[in-house]
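**Student:** Just passing along the structure, written as structure tokens.
Protein chains: 2
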Amino acid sequence: MTTSPAPDTTLGDHPGPTPTGPLPVIPDGAPHLDVALVTETLLGRWREARLAGRERAARPELHRPLDMTVADHRERVLEQMHLLAAEDVSRPMLPESLGGPNDNGANLAAFEELVVADPSLQIKSGVQWGLFTSAILQLGTQPHHEAWVPGAMSLETPGAFAMTEIGHGSDVQSLATTATYDPDTEEWVITTPFRAAWKDYLGNAALHARAATVFARLITRGVDHGVHCFYVPIRDEQGNLLPGIQAEDDGPKGGLNGIDNGRLAFDHVRVPRTHLLNRYGDVAPDGTYSSPIDSPGRRFFTMLGTLVQGRVSLDGAANRASQLALHIAITYASQRRQFAGPSPTEETVLLDYQSHLARLLPKLAATYAGAFAHEQLLIAFDDVFSGRGDTPEAREDLETLAAALKPMSTRLAMDTIQECREACGGQGYLAENRLVGLHQDLDVYCTFEGDNTVLHQLVAKRLLADVSRELRSIDRAGIGRFIASRAETLTKRHTPWNRLAQDIADRGQVRRSAETLRQAEFQERLLSDRARVKAEELALTLRGAAKADPAEAAALVNKHQVEMLAAARAHAELVLWRSFSQGIAQITDPGTVAVLTDVRDLYGLTLIQDDLAWFLLEGHLSAQRARALQADVKRLLWRLRPHALDLVAAFDLRPEHVRAPIALGEEAERQADAAAWFRAQRASGEAPISEKAQKKARERAQGTPRDQ
Amino acid sequence: MTTSPAPDTTLGDHPGPTPTGPLPVIPDGAPHLDVALVTETLLGRWREARLAGRERAARPELHRPLDMTVADHRERVLEQMHLLAAEDVSRPMLPESLGGPNDNGANLAAFEELVVADPSLQIKSGVQWGLFTSAILQLGTQPHHEAWVPGAMSLETPGAFAMTEIGHGSDVQSLATTATYDPDTEEWVITTPFRAAWKDYLGNAALHARAATVFARLITRGVDHGVHCFYVPIRDEQGNLLPGIQAEDDGPKGGLNGIDNGRLAFDHVRVPRTHLLNRYGDVAPDGTYSSPIDSPGRRFFTMLGTLVQGRVSLDGAANRASQLALHIAITYASQRRQFAGPSPTEETVLLDYQSHLARLLPKLAATYAGAFAHEQLLIAFDDVFSGRGDTPEAREDLETLAAALKPMSTRLAMDTIQECREACGGQGYLAENRLVGLHQDLDVYCTFEGDNTVLHQLVAKRLLADVSRELRSIDRAGIGRFIASRAETLTKRHTPWNRLAQDIADRGQVRRSAETLRQAEFQERLLSDRARVKAEELALTLRGAAKADPAEAAALVNKHQVEMLAAARAHAELVLWRSFSQGIAQITDPGTVAVLTDVRDLYGLTLIQDDLAWFLLEGHLSAQRARALQADVKRLLWRLRPHALDLVAAFDLRPEHVRAPIALGEEAERQADAAAWFRAQRASGEAPISEKAQKKARERAQGTPRDQ
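Quick mapping for you: the protein sequence lines, in order, are chains A and B. Per my numbering, the first sequence starts with residue 104, numbered consecutively. Per my numbering, the second sequence starts with residue 104, numbered consecutively.
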């Protein structure tokens, strides 16, 4: 058996700077990051909107005081909402027909930045404009737009988005609220049939909403046409509930307590026929149902698809929250000292500890990947919603991309914020340093607007459909060959021959140059092979499900749910890695490219390291290469150490955004004071000597060791 | 090359029950868990004290209202403390000389249970009795005990434990506060030299403390004898600060807001000579220093070692918090339904999803391991503190065990609570369902009483010292052989010959019986080999450090810090696994043993799976075995599914402990209501038919497919 020599994929052995000293020094000849250039690159296509959002997020009146009751926090955020409404900040989302620019990308870009002011404000804005107003715009038609959008935009009509029920969260298709058409009065009768069908977790529902966009099963002439959306007034101008409406308060939550989440129920509440938001389905006065989309399933998913912007904006906001957490923790870690290290008179800066770098820098790398990927998602969203690229395929791709990325960014935000909190020790636990509040607020991002697990299930199904389509598109003999080749792969991995050959080929070939390109090819190949193989193996495993009865199929799928989630994750990580690489490709400054490529490599190698057993067991990686990879990750940590502050500086988080005393010079000042005190004490000659030193001196004076 | 046949370590192929249906049914002939027996086993040696603690934790006046300002919560917890003091709950900790039973194990066992009432109450009790009073008891002598312990016990003197400084948390040896002896007045002069030396994060310091046990460098006759502890009054009876004392409030925190954490500074505060807690060091009226322990280093660590009970009790409380979170999430997951599954009329219970089992059951298994390990820790603690087994070696072992386990249990609690929170979706985010509050409160357990990273560093150093001692105990030739044999291992793992042989040996040997013992041997061998090899490899890698100068040594150690932490973790996991196995060995009921052994196997195999790449790369596991192991983990999840509710029932968490509506029947009732409504609707014949069914019926009536 012959084998071609394996490419050299090691990263060279630059050790980086000595891991200590007062400030990290970038070694002579090493690349520098152009901070302003990276900031500009990250600002992306909607630069102006993002900068305006940052200006807004810096304003103290939009910030959150640390110790407030739930009631006070809710009132404050409502007032903040009125400020935003008065400044017409959501105008970019309005279509041309309502005098707006239909600039959806700009709208979301600005909106995401609000998360650093107060996540409650971001989400309450999202409820009012991103969900309630958007439902009217996306699911309604011109008369609805004219009647209700102005009041929704101005906050004259605070609104709730009444989709989720207690009994059904991410499974919208199974909602139980009904809207039954009564042709005699030409009205809808909206009813909550049982407790589990109460609408729940609705922002604005507990107190502030005057109206709601209510998702209910449309029933006319004895036929259930599935879930549609209705505009329903729920409170009068004094804030009293209208007849037939019940409301409950969800009470205190884990975070986001500036929002009055609550429950709503409807006891035969009547609204006019024209309150059906009728873009995708309508009922004539006599009760005849009609829809431009024939298939009820496709119609439902089309309606839901119009609401994808919630997921898109959470992806961006979660990434911004990770940036803020990393800014705080990395700034603090570069000033805080603890335990004596190489220097006898100076303690070691936290960021000079290997374990501290290993905690924070991979999260920083993943956050960069997320920022670049979010820009791609925002562009895809804007293309569809501007109408420029609005095809069914583009919508489906957009939904899959959002479903792939939102779980990644929200999970990363939680893990990053928690790691940063712990990395700051006791300071991290003080509310003034922001990290605990960020964790509390961002927590629910993982389970709302589509639970992360459910979204990745959707991605996996899409991947399976793609693979199956490929299988269908080749002839029967071709399918046989395909299955045989996969089976051969499965067999091969039971023998170590491949790896053995690789081991031999690898040994002694450790060259240290021209590494960058090879690293990219190496990572791309491993990550894309993994995404493909995980989907293909799943498709082969589940190919019986298509022919099985529904119960058997469901049981079979459920036996491989963990692999489905792993396949979705592998796909999402490939998307993230490629977005990062494409983002770097836009940049021409060589120093910036070099540093960001190291960050990208850290991201890619960490992904591979985290799934290393899979790569080994599947025969994609030899043991030798796997060990080299682990050493490379460590080298990258030290090599990136001097660039850590530049990398967080590029996030353009200003003091008014950061607001955490430990990241605004407080710690540096304390360290300087202490160091000055010790210097003065040493100079004074009055410093006490230590007992240990005294003992040694005494022994020396007696001229003999102490056992005398 | 010959090779002995590998033992069969697969777990058999019992698939467990069909993963659906209304309630999990334990298959005929399958083992049952005796819930009461497991509860008794987990109660452990201090059964009565634990049961009394559980009664206490059930009392509503000791619970926490959900929406309180920081100020109100602090007042409430102070009142609760007075209730506890009036009932003399901490009496078991008192030594015989003060009329107590010196029953330290019982004291901690009862105290840990308070975490389910309100973690703020647990920690504020810990500050008052576990730290402040304990410091007087452990570091002081009889006159101190008589003067100050009664007031501390009765809460007449609320106290702060003033050790940590802003600038020094886990590095106590570097504290900067000074206590300088003035022989003219026979007083100590206590001084905070600069801002970073302010005492910080002290419970009771912001408001309630009247006195503090202050850790400061003892300076007399120009010599610094290192950190000692002093009793310092800080507020008068009206709560006004005494002259020279400054206090600040730490303000709102991420959780534990029932405790008034704050800062203290001392401006030449004078206390009498006798306020030095002088068990381990004293000063005569003329300023002569004396100590029963000659070495300043050993003296310092002896003093600190007396405070180990904080870590011990956090380990127990964190484990109890994990139990509570799992009780809530697993109860809810066994009632909550979402998405249609195998049944056409019934949605699937969350716990019947593979991914849900994979999220929760490994955490349940780890929590069981933690409970058994904690009992071992508590016994070790009681042996030392009762004086029955108080040797320097036993103290060192106790400290190492606490340093190994506290990071494991507190990390597990955070991960478990978060996983449970997300597994409960929106319900998990409501404060009434407890999970978010538990996360907020337990968060700081990871970084206080010894930061988790710092503690595992200590464990690693101890492991290195043990290995080095072994190396020293063999002669020079022996060392050479030892290094050569390790080097041989290192070389071997670069060739896949071993694994190849194992692969061949494994193939076709999959027997399904007598598996239990083999599983235990298999897991024990892998986990103990891993712990040993990681420590030995580290010792070999770092053997140059002993001869290097301090700066070089520190740099070398820092380059392997991540491996040090990994070695400590491997050691801790072995301790946990063994404790679990020993715990099962006490039980004789075969059904209970069988189920708990499955739980133990799930724990052991998950540990191996989580570090699978290491086992593969080191040649401890063949690829074939690794794949079988992954399949075994999945099988165990299904096999344990019907026992999940029994396993959480054994934690003996009563409704007054749980208090989360979703785990107290609310969800079951909603599901029953909804199901009854659907049944009635189907029976009435008035249910609307779906559009899809209508279309099919119409097509059938027309006798042709729709393309006509």
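Just so it is clear, CB atoms sit at the ideal spot from N, CA and C, and this is done for glycine as well.
#1: Under 8 Å between C-beta atoms, does A/G611 make it to chain B?
#2: Between the C-alpha atoms of A/G473 and A/L567, what's the straight-line distance to the nearest angstrom?
#3: List the residues of chain B that A/I269 touches, going by C-beta distances under 7 Å, in chain order.
#4: What did DSSP end up calling A/E802 once you bin it into helix, strand or coil?
#5: Compare the C-alpha of B/R633 against each of B/E573, B/L321 and B/W717 and name the closest.
#6: So, A/A300 versus A/V415, is the Cβ gap smaller than 8 Å?
#7: Have a look at the DSSP bridge pairing and note the partners of A/P375.
#8: If you drop the 5 nearest sequence neighbours on each side, which residues of the same chain put their C-beta closer than 8 Å to that of A/I711?
#9: Using only CA atoms, which one of A/H166, A/L410, A/L145 and A/G408 lies nearest to A/R762?
#10: For A/N207, I'd like the list of residues in its chain whose CB is within less than 8 Å of its CB, leaving aside the five on either flank, ordered along the chain.
#11: Taking the beta strand (DSSP E) that A/R366 belongs to, which residues open and close that run?
#12: I'd like the span of the beta strand (DSSP E) that includes A/D755, first residue to last.
#13: Alpha carbons only, please: which of A/E496, A/E522, A/G540 and A/L545 is nearest the one belonging to A/G509?
#14: Provide the residue(s) that pair with A/L305 in DSSP beta bridges, ordered along the chain.
#15: When we look at the beta-carbon of B/I520 and count the other beta-carbons within 10 Å, is it buried (16 or more) or exposed?
#16: Determine, using beta carbons only, whether A/D111 comes closer than 8 Å to chain B.
#17: In this structure, how does DSSP classify B/K356 when only helix, strand and coil are distinguished?
#18: Whether or not the stretch 238 to 256 of chain B and the stretch 211 to 218 of chain B are in contact is what I'm after, with contact meaning three or more pairs of Cβ atoms, one per stretch, closer than 8 Å; do they touch?
#19: Taking 8 Å as the CB-CB cut-off, is A/G272 touching chain B?
#20: Select from the stretch 712 to 734 of chain B all residues with a C-beta closer than 7 Å to any C-beta belonging to chain A, and list them in chain order.
#21: Identify every run of the alpha helix (DSSP H) within the stretch 662 to 741 of chain A, keeping only runs that are complete inside it and at least 4 residues long; order them along the chain.
#22: Could you list which residues in chain B have their beta carbon closer than 7 Å to that of A/P445, in chain order?
#23: Whole angstroms is fine: what's the gap from A/I396's alpha carbon to A/G329's?
#24: Closest to B/A623 by CA distance: which of B/L145, B/A658, B/T691 and B/A697 is it?
#25: Based on Cα-Cα distance, which residue from B/T503, B/D285 and B/C527 lies nearest to B/N435?
#26: When you compare the CB of B/C523 with every CB in chain A, is at least one pair closer than 8 Å?
#27: With H, G and I counted as helix, E and B as strand and the rest as coil, what does DSSP make of A/D609?
#28: Using a Cβ-Cβ cutoff of less than 6 Å, which residues in the same chain neighbour A/H378 once the five nearest sequence positions on both sides are dropped?
#29: Which class does B/P222 belong to by DSSP, given the choice of helix, strand or coil?
#30: Looking at chain A, is there any beta carbon in it that lies within less than 8 Å of the beta carbon of B/A777?
#31: Which one or two residues does DSSP pair with B/Q349 in a beta bridge?
#32: Determine the contact status of A/L344 and A/A350, defining contact as a CB-CB distance below 8 Å.
#33: Entirely within the stretch 502 to 544 of chain B and at least 4 residues each: give me those alpha helix (DSSP H) ranges in chain order.
#34: If I follow the unbroken beta strand (DSSP E) through B/I269, where does it start and stop?
#35: Distance check for B/Y471 and B/L748, CA to CA, integer angstroms please.
#36: Whose C-alpha, out of A/L427, A/D287, A/T405 and A/A174, is nearest the C-alpha of A/N307?
**Tutor:** The answer reads as follows:
#1: The sequence position of residue 611 of chain A within the first sequence is 508, counting from 1. Note on A/G611: pLDDT 37, under 50, position unreliable in the model; no value is reported.
#2: Here residue 473 of chain A corresponds to residue number 370 of the first sequence, with the count starting at 1. Here residue 567 of chain A corresponds to residue number 464 of the first sequence, with the count starting at 1. If I take the Cα positions, the gap works out to 24 Å.
#3: Locating residue 269 of chain A in the first sequence gives position 166, counting from the first residue. Using a Cβ-Cβ cut-off of 7 Å, A/I269 is close to R773 of chain B, given in chain order.
#4: Reading the first sequence from its first residue, position 699 is the one you call residue 802 of chain A. Under the three-state reduction of DSSP, A/E802 is assigned to helix.
#5: Residue mapping note: residue 633 of chain B aligns to position 530 of the second sequence, counting from 1. Taking only the C-alpha atoms, the option nearest B/R633 is B/W717.
#6: Residue numbering aside, residue 300 of chain A sits at position 197 when the first sequence is read from its first letter. Residue numbering aside, residue 415 of chain A sits at position 312 when the first sequence is read from its first letter. With contacts defined as CB atoms closer than 8 Å, A/A300 and A/V415 fail to qualify as a contacting pair.
#7: The residue labelled residue 375 of chain A in the question sits at position 272 within the first sequence. Beta-bridge pairing links A/P375 to A/E290.
#8: Counting from 1 along the first sequence, the entry for residue 711 of chain A is found at position 608. Taking C-beta separations shorter than 8 Å and ignoring five residues to either side along the sequence, the partners of A/I711 in its chain run Q626, L629, L630, F718, L724 and L732, following chain order.
#9: Start at 1 with the first residue of the first sequence, and residue 762 of chain A comes out as number 659. Nearest to A/R762 by alpha-carbon distance, out of A/H166, A/L410, A/L145 and A/G408, is A/H166.
#10: Position 104 of the first sequence holds residue 207 of chain A. Only P195, M196, Q412, F484, D485, F488 and S489 meet the Cβ criterion.
#11: In the first sequence, the residue the question calls residue 366 of chain A occupies position 263. Taken as a continuous stretch (DSSP letters only), the beta strand (DSSP E) holding A/R366 covers G365 to F369.
#12: On the first sequence, position 652 is the one that residue 755 of chain A refers to. Segment: none, A/D755 is in no beta strand (DSSP E) and carries neither H nor E.
#13: Walking along the first sequence from the start, residue 509 of chain A turns up at place 406. Note that residue 509 of chain A is Lys in the sequence shown here, rather than Gly. With distances taken between Cα atoms, A/K509 lies closest to A/L545.
#14: If you number the first sequence from 1, residue 305 of chain A lands on position 202. A/G365, per the DSSP bridge assignment.
#15: Counting from one through the second sequence, the residue named residue 520 of chain B turns up at place 417. Buried, since its Cβ has 16 or more Cβ neighbours within 10 Å.
#16: To locate residue 111 of chain A, count along the first sequence from 1; it is residue 8. At A/D111 the pLDDT is 46, less than 50, meaning the model places this residue with poor confidence; the figure from the coordinates comes in the next sentence. When Cβ-Cβ separations below 8 Å define contact, A/D111 makes no contact with chain B.
#17: The residue you call residue 356 of chain B lines up with position 253 of the second sequence. If DSSP states are grouped into helix, strand and coil, B/K356 belongs with the strands.
#18: Short answer: they don't touch.
#19: Translated into the one-based positions of the first sequence, residue 272 of chain A becomes position 169. For A/G272, the answer is yes, since a Cβ of chain B falls inside 8 Å of its Cβ.
#20: Against chain A - using a Cβ distance shorter than 7 Å - the residues of the stretch 712 to 734 of chain B are L715, A716, L719, L720, A726, Q727, A729 and R730.
#21: If one requires a minimum length of 4 residues, the alpha helix (DSSP H) runs lying completely within the stretch 662 to 741 of chain A are 664 to 688, 693 to 713 and 715 to 720, in chain order.
#22: Taking the first sequence and counting its residues from 1, one reaches residue 445 of chain A at position 342. A/P445 reaches chain B at A654, A657 and A658, counting residues in chain order whose Cβ is nearer than 7 Å.
#23: Taking the first residue of the first sequence as 1, we reach residue 396 of chain A at position 293. Taking the first residue of the first sequence as 1, we reach residue 329 of chain A at position 226. Rounded to whole angstroms, A/I396 to A/G329 spans 13 Å at the Cα level.
#24: Taking the second sequence and counting its residues from 1, one reaches residue 623 of chain B at position 520. Considering only alpha carbons, the answer is B/A697.
#25: Along the second sequence, read from residue 1 onward, the residue named residue 435 of chain B stands at position 332. Before going further, note that residue 435 of chain B is Tyr rather than Asn in the sequence given. The shortest Cα separation from B/Y435 among B/T503, B/D285 and B/C527 belongs to B/C527.
#26: Stepping through the second sequence from its first residue, residue 523 of chain B is reached at position 420. So no, B/C523 is outside the interface.
#27: Within the first sequence, residue 609 of chain A is the residue found at index 506, counting from 1. Caution is warranted here: a pLDDT of 43 is assigned to A/D609, below 50, making its placement in the model unreliable, and the coordinate value is therefore given only provisionally. Three-state DSSP puts A/D609 in a helix.
#28: Along the first sequence, one-based indexing puts residue 378 of chain A at 275. The answer, listed in chain order, is F333 and Y334.
#29: Taking the first residue of the second sequence as 1, we reach residue 222 of chain B at position 119. Under the three-state reduction of DSSP, B/P222 is assigned to helix.
#30: Translated into the one-based positions of the second sequence, residue 777 of chain B becomes position 674. For B/A777, the answer is yes, since a Cβ of chain A falls inside 8 Å of its Cβ.
#31: Taking the first residue of the second sequence as position 1, residue 349 of chain B is located at position 246. DSSP lists B/A368 as partners of B/Q349.
#32: One-based indexing of the first sequence puts residue 344 of chain A at position 241. One-based indexing of the first sequence puts residue 350 of chain A at position 247. It is a contact, given that the beta carbons lie within the stated cut-off.
#33: Entirely contained in the stretch 502 to 544 of chain B, the alpha helix (DSSP H) runs reaching 4 residues are, in chain order, 528 to 532.
#34: Here residue 269 of chain B refers to the residue found at position 166 when the second sequence is read from its first residue. First-last for B/I269: undefined, no H or E at that position.
#35: Against the second sequence, residue 748 of chain B aligns to sequence position 645. Against the second sequence, residue 471 of chain B aligns to sequence position 368. Looking at the two C-alpha atoms, the distance is approximately 14 Å.
#36: Locating residue 307 of chain A in the first sequence gives position 204, counting from the first residue. When only C-alpha atoms are compared, the closest one is A/A174.
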